[in-house]
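Residue numbers (the numbering used here): -9 to 1113. These notes concern the structure reproduced below.
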Amino acid sequence: MRRGSVSTWEPWARRNSANMDQFTGSRSEFMTAEPNLNNIKYQRKGGCFLSHKIALLIIVFVVVGIIVAGFAGAYISLYSKKEVNDHPVLAVEDDDMDGNISEKFTLSPNVVPMKYELKLAPVFNGEVITKIKGLVVIKLQQNSSDQLDHLTFNAKDMTIKNCKLLRLNATKTEIRSHRNRRYPTEEDVPAGSGTSALENTENTTSELMENSKSETPYFPDGANADPENVTTSDSSNDTLSDNSSTDRNITKSTTSAASLSSIDKSVSVSLDTETTKIVQTGSTDRATASDEFTNTDQSDIDVVEIRLKGNETDNVNGIYVMYLESPISNGIYSLEIIYETDNNNSALSQGSVPVQNMANRSSLGDGSLITHFKPTNARYFFPLFDDVHLKAKFTLSITSPSNLLVLANTPLKSRVNSSSLYTMNTFEETPLLSPHSLTFAVGDIELMDNATLGDTDIRIWGKNKNLSKSHFVTNMTRVVMELYMNFFSIDYPMSKIDIVSLPTITDQTGNLGLISVKESFFNITENSSSIVINRGFQRLIYSIGQQWLGGYVTMYDWTSSWILESSLIYLQRLLLEKARKPLNYINNTDTELESSLFFLTEVQEPAMMADGYATSRSLQFKFNPVYWNSIEIQNLHRKGACLIRMLHNVITDNAFKRGYKKFISRWTYANAEPTDFWQSMSEDVKNLPEDTSLMKIMESWTGSSGFPVINVTRNYDLGSVKLQQSRFLYDQSNASNDQLWYIPLTYTTKTGNWSSPKRIWFKPEVEMILHDVTRPGEKSWLIFNIDKFGYYRVNYDKENWELLSVVLNTNHQEISSATRASIIDDVFSLARAGLTSYETAFDIIRYFRVNERNSVAWLTLWGHIKELNSALYDTMEYSNFQGFIHDMITPLCSEVSSNSTNETELTPMIIEWASMVQHEGCLNWLKNNYPLNLSDDSMNNETTVSGNLREAVHCVMAKYGDQREWRYIFVKAIEKLNAEEKYDLLKSLACFQVPWILRTILGEVLFKEYFTENEILTVLQAFAQQPVASRVSYEYMRNNWQQIFERYYNSSNIIRTLVLVSTETIASDQDLLDLQSFKEKYYNDLKSIAHTIVTIEARTKSWNSWRNVSLPIIKKWLTNYKQ
-9 MRRGSVSTWE
1 PWARRNSANM
11 DQFTGSRSEF
21 MTAEPNLNNI
31 KYQRKGGCFL
41 SHKIALLIIV
51 FVVVGIIVAG
61 FAGAYISLYS
71 KKEVNDHPVL
81 AVEDDDMDGN
91 ISEKFTLSPN
101 VVPMKYELKL
111 APVFNGEVIT
121 KIKGLVVIKL
131 QQNSSDQLDH
141 LTFNAKDMTI
151 KNCKLLRLNA
161 TKTEIRSHRN
171 RRYPTEEDVP
181 AGSGTSALEN
191 TENTTSELME
201 NSKSETPYFP
211 DGANADPENV
221 TTSDSSNDTL
231 SDNSSTDRNI
241 TKSTTSAASL
251 SSIDKSVSVS
261 LDTETTKIVQ
271 TGSTDRATAS
281 DEFTNTDQSD
291 IDVVEIRLKG
301 NETDNVNGIY
311 VMYLESPISN
321 GIYSLEIIYE
331 TDNNNSALSQ
341 GSVPVQNMAN
351 RSSLGDGSLI
361 THFKPTNARY
371 FFPLFDDVHL
381 KAKFTLSITS
391 PSNLLVLANT
401 PLKSRVNSSS
411 LYTMNTFEET
421 PLLSPHSLTF
431 AVGDIELMDN
441 ATLGDTDIRI
451 WGKNKNLSKS
461 HFVTNMTRVV
471 MELYMNFFSI
481 DYPMSKIDIV
491 SLPTITDQTG
501 NLGLISVKES
511 FFNITENSSS
521 IVINRGFQRL
531 IYSIGQQWLG
541 GYVTMYDWTS
551 SWILESSLIY
561 LQRLLLEKAR
571 KPLNYINNTD
581 TELESSLFFL
591 TEVQEPAMMA
601 DGYATSRSLQ
611 FKFNPVYWNS
621 IEIQNLHRKG
631 ACLIRMLHNV
641 ITDNAFKRGY
651 KKFISRWTYA
661 NAEPTDFWQS
671 MSEDVKNLPE
681 DTSLMKIMES
691 WTGSSGFPVI
701 NVTRNYDLGS
711 VKLQQSRFLY
721 DQSNASNDQL
731 WYIPLTYTTK
741 TGNWSSPKRI
751 WFKPEVEMIL
761 HDVTRPGEKS
771 WLIFNIDKFG
781 YYRVNYDKEN
791 WELLSVVLNT
801 NHQEISSATR
811 ASIIDDVFSL
821 ARAGLTSYET
831 AFDIIRYFRV
841 NERNSVAWLT
851 LWGHIKELNS
861 ALYDTMEYSN
871 FQGFIHDMIT
881 PLCSEVSSNS
891 TNETELTPMI
901 IEWASMVQHE
911 GCLNWLKNNY
921 PLNLSDDSMN
931 NETTVSGNLR
941 EAVHCVMAKY
951 GDQREWRYIF
961 VKAIEKLNAE
971 EKYDLLKSLA
981 CFQVPWILRT
991 ILGEVLFKEY
1001 FTENEILTVL
1011 QAFAQQPVAS
1021 RVSYEYMRNN
1031 WQQIFERYYN
1041 SSNIIRTLVL
1051 VSTETIASDQ
1061 DLLDLQSFKE
1071 KYYNDLKSIA
1081 HTIVTIEART
1091 KSWNSWRNVS
1101 LPIIKKWLTN
1111 YKQ
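Laid out in structure tokens, this is it:
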């Protein structure tokens, strides 16, 4: 197999020879390196001798053979076309998205954290927080009879100042064994514990803040010792060679007994003797539990310190290994860690904190801080055992400027002013939480509104400027919470829920007890357009749903967490209609009452597009949670939402609700597995195929990549239908019938009932026959997959496609809007895969221009038009295609310009179409209604341009702009403090059409220090949506790869995204050769994104095949249309 094949990319460890004995090759070294060589006796016992002539002849033959083989290989390579995709499905071991890491750097098995006590304090440098200093005390249980000689936990990009491990043992309390999916609580373990530096807070804050200005090392509870007294390593770092791709990030150190003694002394300074009892254990003073933890006789508690002998770190994966002098056995332990971490990491979003008078620190200005721990960012912020199933209780204390408020998962327990400038905020203990669910927010905010719902306080926090608008947000929150409590039949689990808006928030998140929203969310009122209110409700439904799905109950691992995420994606559309009715804000002119149908355009169609390649992955793919927010994982979650929607359509509405109620009730504050979810769902389900179960049916979907296409062949004379299932693939050269599914089919005819279509199961068989579908000899249309509840495509015989075209072009409303969208999506996708003709597809949409006004149908078509626009961009047919689109959009432009106040889902699409084809009428309307000049910054004001349109308006300004517009947008993006507006500006950078400007943008974004990693990803993802930008990015990436990789070798998210977006539009034969050459040249660099490379190859190959097969058909159709 070729070197370039991803299948040959073996894990680094298999090829690494760094641990092998190394020799120079000298004879003396050889003779001394091998044992017992001095005693060798040479004797002749058999064998044969070669004369010099025969030996020379053998050598000549070998040399000639090598030369001939070399010429033959070179000759063959010159005349053979390289196949870029060796195999349709590749198990890529080296892709770092896979959840496989070295066993050496996995979390300690059978070690269960029970409680975290976390104290945090910021360090200010000028106007911003530069560091977070803190102490964490982890009470944990070693739950195995096997002894451990090391502890492995998560800590990334932080400095560990001091570690201390204490064994806690209560002779009168038996430590129970527990199920591996349920974890011990405080009631299950001895109350006694080792001395925690967190117990004493009186003198901490003031001492910290006095030292923060100069950034001297701060140790919580007053241990502000000299750095030499807290050094944990007395040897230089040794580079390990276990993994050569990350060896620069793996360090090893040892700790001497002497340094440990000095650590003990420095820590003991911080202990308050009034609350800490000292007992004699062995020959060394040991600190036992404070009164706060003590509820048994002190004589029954034995506290023993476990001395440490060294540590090892893997910074790529965020792993810290702590080696112990003596192994630890089953029992309860306390791990205390003093550390500090930089504030520039993905766990936080920080606003500027201007200080008016740093000399005397008299006042602090506005500032904000919000955590983003999901999925595994908590390891950037504090040391922990960071896995979704390792639930624990948390106690949080945060030092903040006195003029700022702090919110967290639980209510505030105490707020103590340590000086005129700083305050220590301590919060009540949380229930059992996964680490990613811990959160807090700091900002110059105030209580804008509050209400109660049963025993729960609803509190809205933000800037005073939004005070008059907060009541509508409060009412929305009440409505959504009541919806969930009725849907799940389970009360809200916390005593309060806070909703906070900060300038730094770019995306809405919902952790237990605290939801963060964009500032624009508080601009929603009863007078807002229905589209704005719908979007607000959807975000709120998702975030409040996370209180139950993700807060109340979690899954055992990240692979299974798709069940929770996908459920929320579906529920936010399902519950939207019910959420809107209580507020009664829909006016009489609103026609988009089927808002839940946007599930098709926003979720199902993108999921099926991504799932249409042989390289797609199943929902059971074990991935590295670091890539939770990647496009690939998001598409898996969308697929899961489609399957849950399909399941809801199969079972009754009541069975669906009861299934969720049982699931949440049984796994409250615990970790479930997929089998638990399917079991809960299946208990009230009927009408399944014989000899099967709901779990078996759903596993045929979750355990398989891709989805089926149903080929429908009708016998019109007999009224029967032959159905065949096979996997849908854009590249049909890899198609096979090996994958089969349990498919819930729905269908109807011209005389059928849309509200109650016929249902039948297509079992995992290649073919089945349906009899008496229509009357013999009847030639009327037949439609499968009503309203696209099924996750599959349908391909009809030619005559049935023609019948569908006739009804759509004569009376399109005879078919439901969702089914019309389904037909359009299927026919264009099938045409792209070569399973039907583009003539059929274009014939289907002839009625659109004059008659179709449904947003779902138009947005479905728009997705395929954008795809064709990119594919045709560098072809001779592009001009005719633009003319066709210009004609299609003209009636819509006229309608929008005559009623500019009625903003709908179609308005942003119309703006994009107009700029794509330079539609003069649309552009004039746009210029007359929205400010596109550089001097008018009011374009960022919600009263001038709504958030729904701002991105599209910015893009038009950039598309027709030059250097002046570029500099204006770029500077504004850097200066913007409001994160939402900043991200809209960043996306518009890809809309410029001048190549040198786009190259300059890439250079400044990738190589300057203007933007965070998330902001860089936003710019890159926008490049994929613009053909010119994507092509420029492809050239820029290949020309500057070495510098790019040197800068971002440790950020696979950026590398992966850059490669994906840069190859979005490549399709020609030369593109294929260039891609292959790029892959082989930078073989080692691309190892970490191997699966992405294979997916790009499959995509490029399918579009290359499309050019050869479908492009001539499109050319002919466009020519005829023009004439």
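C-beta atoms are modelled at their ideal positions from N, C-alpha and C, and glycine is treated no differently.
Pick from the options that is closest to residue i, judged by C-alpha positions
i: P1115; options: S533, S905, N859, Y1072; result: The chain is shown from -9 up to 1113; residue 1115 falls before or after that span and cannot be answered.
i: L141; options: I49, L110, P317; result: P317
i: G693; options: W552, W744, G308; result: W552
i: V294; options: L394, L325, N393, L156; result: L156
i: I505; options: T682, T1090, R529; result: R529
i: M312; options: S819, N301, A980, N399; result: N301
i: T1055; options: A1080, K856, E893; result: K856
i: L437; options: N454, P421, F430, A431; result: N454
i: N614; options: S608, T366, F478; result: T366
i: T865; options: I1083, L1108, E680; result: L1108
Straight-line Cα distance separating residue j from residue i
i: K977; j: V1009; result: 5 Å
i: Y706; j: T738; result: 15 Å
i: R1097; j: K769; result: 35 Å
i: I1006; j: I621; result: 15 Å
i: R989; j: V946; result: 19 Å
i: R875; j: E842; result: The sequence shown places Ile at residue 875, rather than the Arg named in the question. Cα to Cα, I875 sits roughly 15 Å from E842.
i: K917; j: Q908; result: 13 Å
i: N1110; j: I1086; result: 34 Å
i: S186; j: L97; result: Confidence is the limiting factor: at S186 the pLDDT is only 34, short of 50, which leaves the residue's position unreliable, though a coordinate-based value still follows. Rounded to the nearest angstrom, the two C-alpha atoms are 23 Å apart.
i: S1100; j: E867; result: 12 Å
i: A1114; j: T1002; result: As displayed, the chain neither begins before -9 nor continues past 1113, which places residue 1114 out of reach and without an answer.
i: Q715; j: E757; result: 7 Å
i: Q610; j: L539; result: 19 Å
i: R717; j: N1040; result: 37 Å
i: I1103; j: W1093; result: 15 Å
i: E176; j: D376; result: Note that E176 scores 40 on pLDDT, short of 50, meaning its location in the model is unreliable; the coordinates nonetheless yield the value given after this. Taking the straight line from one Cα to the other gives about 20 Å.
i: T221; j: R297; result: For T221, the predicted structure reports a pLDDT of 31, less than 50, and the residue's modelled location is therefore unreliable. A value from the coordinates is still provided. About 15 Å.
i: F512; j: S491; result: 8 Å
i: N1117; j: I1045; result: The displayed coordinates of the chain run from -9 to 1113. Any statement about residue 1117 would go beyond what the structure contains.
Cβ-Cβ separation, residue j to residue i (assumed contact under 8 Å), whole Å
i: E330; j: T464; result: The pair is not a contact, with the Cβ atoms about 39 Å apart (cut-off 8 Å).
i: D666; j: F646; result: So it is not a contact: roughly 16 Å between Cβ atoms.
i: T736; j: G780; result: 7 Å
i: N133; j: V102; result: 5 Å
i: V113; j: I119; result: 7 Å
i: H362; j: T499; result: 7 Å
i: V702; j: F774; result: 6 Å
i: P698; j: I733; result: 6 Å
i: P596; j: R628; result: 6 Å
Outcome for residue i when other beta-carbon atoms lying within 10 angstroms are tallied against a minimum of 16
i: Q460; result: At residue 460 the sequence reads Ser, which differs from the Gln that was named. Label assigned to S460: buried.
i: T658; result: exposed
i: N578; result: With a pLDDT of only 38 at N578, under the threshold of 50, the placement of this residue in the model should not be trusted; the figure read from the coordinates follows. Its Cβ having fewer than 16 others within 10 Å, N578 is exposed.
i: T800; result: exposed
i: V796; result: exposed
i: R836; result: exposed
i: I49; result: exposed
Short CB-CB distance (under 8 Å) between residue i and chain E
i: Q610; result: Among the chains in the structure shown there is no chain E, since it carries only a single protein chain.
Inside the stretch 828 to 902 only - alpha helix (DSSP H) runs reaching at least 4 residues: 828 to 834, 838 to 841, 845 to 862, 868 to 888
Could you pull out every unbroken alpha helix (DSSP H) segment of at least 4 residues lying fully inside the stretch 986 to 1038, listed in chain order? 1003 to 1013, 1017 to 1029, 1031 to 1038
Only counting runs of 3 or more residues, tell me where the beta strand (DSSP E) segments fall wholly within the stretch 728 to 761, in order along the chain. 733 to 739, 748 to 752, 757 to 760
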